[in-house]
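Below is one structure, written out as structure tokens; the observations come after it.
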Amino acid sequence: MIEVKNISKSFNEHKVLDGINAEFQPGQVSMIIGQSGSGKTVLLKSIIGLYIPEDGEILFDGREFVGASIKFQREIRKEIGMLFQGGALFTSLTVEENVMFPLNLFTDYSKSEKLDRVNFCLERVNIKDSNYLYPAEISGGMQKRVAIARAISLNPKYLFCDEPNSGLDPQNSILIDRLIKELTQEYNMTTIVNTHDMNSVMEIADKVYFINKAKVWWSGNNEEIFHSDNKELNDFVFASELFKKIKENL
Amino acid sequence: MNIFENIGKYFVLMKAAFTKPVRAKIFGKRILAEIDSIGINSIWIISIVSVFMGAVLTLQVAINFENPFIPRYLVGLSTRDTMILEFSSTVICLILAGKVGSNIASEIGTMRITEQIDALEIMGVNSANYLILPKIVAAFITFPFLSILSIILGIVGGYLVSLFTGVVSLYDYVYGLHYAFIPFYVFYTLIKMCVFAVIITSVSSFCGYYTQGGALEVGVSSTKAVVYSIIIILIFNLILTQLLLT
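Protein chains in written order, with my numbering: chain A, 6 to 255; chain B, 1456 to 1701.
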């Protein structure tokens, strides 16, 4: 479980996060939603330590992360898998080398064991016959799936996804969403997904945090969104005609 | 951002880079790859520039020494000492600052803006150590060899121009090469190359590592890397010359 307690973060005196509290449970996909610039990415990057919050605590299964030494933070990070918005695959490495990268650094597996693990992870994300291709030679959807394969190669306890569907067509989006959900349940990971794609929220979210004006404005499950009378949440979620019609028909 | 903040950030980055690598085997492989990228790939440009500069130096000195009171063997001596003392260290490093420095800054800068460095950090990898230290070590190893190569090829260039133009006799040229040779000059140039290797790779890595924005900013970082490296090389050239030769 990841606990976020009273986290605050500012940039040039502009408060981006103001006393954020949240709990992310294992085996669940928790989603952070909000408008562009609302602080979703800052919250996600603060949780994983890429930004240092000014106040508050972040606990990974009870282990304090914010004030911990860099060495201890690196130990915790070995339990984290992360899917970046653009995939962040190493462009100079092949698909196979990308997935093998964490295994080379942090395991004592033999070469054949590493290859088995790489192939298992790639098959798990439905990538076949692409081991020797470079990221530039595969599609955006495939890059995201390879990035997921890399993220799960060390059996992480925590999975973070920053806008996993951005730049993908609807079919690939659903594919990635379902993959995240399946992997979360399969490995009992604590998964946090940062998105503004409401289809994803409706598809896979177990818990939703709506960030607005630097605060957690609303939280609940995806069913509850339809019945909420929170104005800002409704303005955000039901901005599209499609979702307005869905709500009207409920 | 003021200059003192940048200097502070540079030393913080170097402190992070100069730590024990996670895996010696991977570190070794990274060094070999960087030796290829930084050193081996620079041989052709160093060779071409050195041969032509040696040839031009010989021609210019020979033309300017058209005086019966100046012995002709001084043409060989001048070419040798200019190559050893200044050209094959400082000028070569200014060229390498352009070639290697911009390459390092753009490589690391691109990794920064495409979140590849963040990905390394999230995996628990010390990105500064993983990306920067192999480059510094590789340059530290290869730059002195490039300097030796440059000295040899510069002298060969002078020899060839003497052979084909007859601007100075081969006997005088070769005699000048042997005349009053001070071996410490070679040691001095190798020390300079080692220092400049660290300057080029670390300053360029620093410029790339703190890139923010997009493709345009990568270009800016690349330019900054070259400019800063050149200025710092010139300053250290003066300091080292004062310390070692006077």
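Where a beta carbon is used, it is the ideal one built from N, C-alpha and C, also for glycine.
- Of all C-beta pairs linking the segment 1609-1620 of chain B to the segment 1537-1554 of chain B, three or more are shorter than 8 Å, placing the two stretches in contact.
- One Cα belongs to Ile1587/B, the other to Asn239/A, and the distance between them is close to 48 Å.
- CA-CA distance, Phe241/A to Gln40/A, rounds to 7 Å.
- When rounded, the separation of the alpha-carbon atoms in Ile57/A and Gly1509/B is 55 Å.
- Cβ-Cβ distances below 7 Å link Tyr1585/B to Leu1575 in the same chain, with the five nearest sequence neighbours on each side left out; the list follows chain order.
- Close CB contacts of Ser1505/B within its chain, under the 6 Å cut and outside five residues either way in sequence, are with Ser1605, Leu1608 and Gly1609 (chain order).
- Contact fails between the segment 114-127 of chain A and the segment 75-89 of chain A, because fewer than three Cβ pairs, one in each stretch, are under 8 Å apart.
- Assignment of Ala1635/B by DSSP, reduced to helix, strand and coil, places it in the coil class.
- The Cβ of Gly61/A sits no closer than 8 Å to any Cβ of chain B.
- Listed by position along chain A, the residues whose Cβ is nearer than 9 Å to that of Ile1481/B are Asn109 and Leu110.
- The C-beta of Ile57/A comes no closer than 8 Å to any C-beta of chain B.
- Taking the Cα of Thr1569/B as reference, the smallest distance to any Cα among Gly54/A, Ile53/A, Thr96/A and Ile7/A is reached at Thr96/A.
- Proximity of Phe16/A to chain B, defined by a Cβ-Cβ separation below 8 Å, is not satisfied.
- With a cutoff of 8 Å on beta-carbon distance, Asp1573/B and Leu55/A are scored as near each other.
- Relative to Leu247/A, the option among Ile38/A, Asn204/A and Val34/A whose CA is nearest is Asn204/A.
- Listed along chain A, no residue sits closer than 9 Å to Gln1515/B by beta-carbon distance, the nearest being about 44 Å off.
- For the segment 86-119 of chain A, the beta-carbon criterion of a distance under 9 Å to any beta-carbon of chain B is satisfied by Gly86, Met87, Phe89, Gln90, Gly91, Gly92, Ala93, Leu94, Phe95, Thr96, Ser97, Phe106, Pro107, Asn109, Leu110 and Phe111.
- Between Arg1478/B and chain A, the shortest Cβ-Cβ separation is below 8 Å.
- Counting only Cβ-Cβ distances below 8 Å, Glu246/A has no contacts in chain B at all, with the closest Cβ about 33 Å away.
- Taking the C-beta atoms as reference points, Asp202/A is found nearer than 8 Å to Ser178/A.
- Looking at the DSSP output, Ala93/A sits in no beta bridge, so it has no partner there.
- The C-alpha of Tyr1614/B lies about 15 Å from the C-alpha of Ile1518/B.
- In the structure shown, the three-state DSSP call for Asn131/A is coil.
- Secondary structure within the segment 42-85 of chain A: the alpha helix (DSSP H) runs of 4 or more consecutive residues, fully enclosed, are 45-52 and 75-82 (chain order).
- With a 10 Å radius around the Cβ and a threshold of 16 neighbouring Cβ atoms, Val1467/B comes out exposed.
- Under the Cβ criterion (8 Å, minimum of three pairs), the segment 181-190 of chain A counts as touching the segment 29-48 of chain A.
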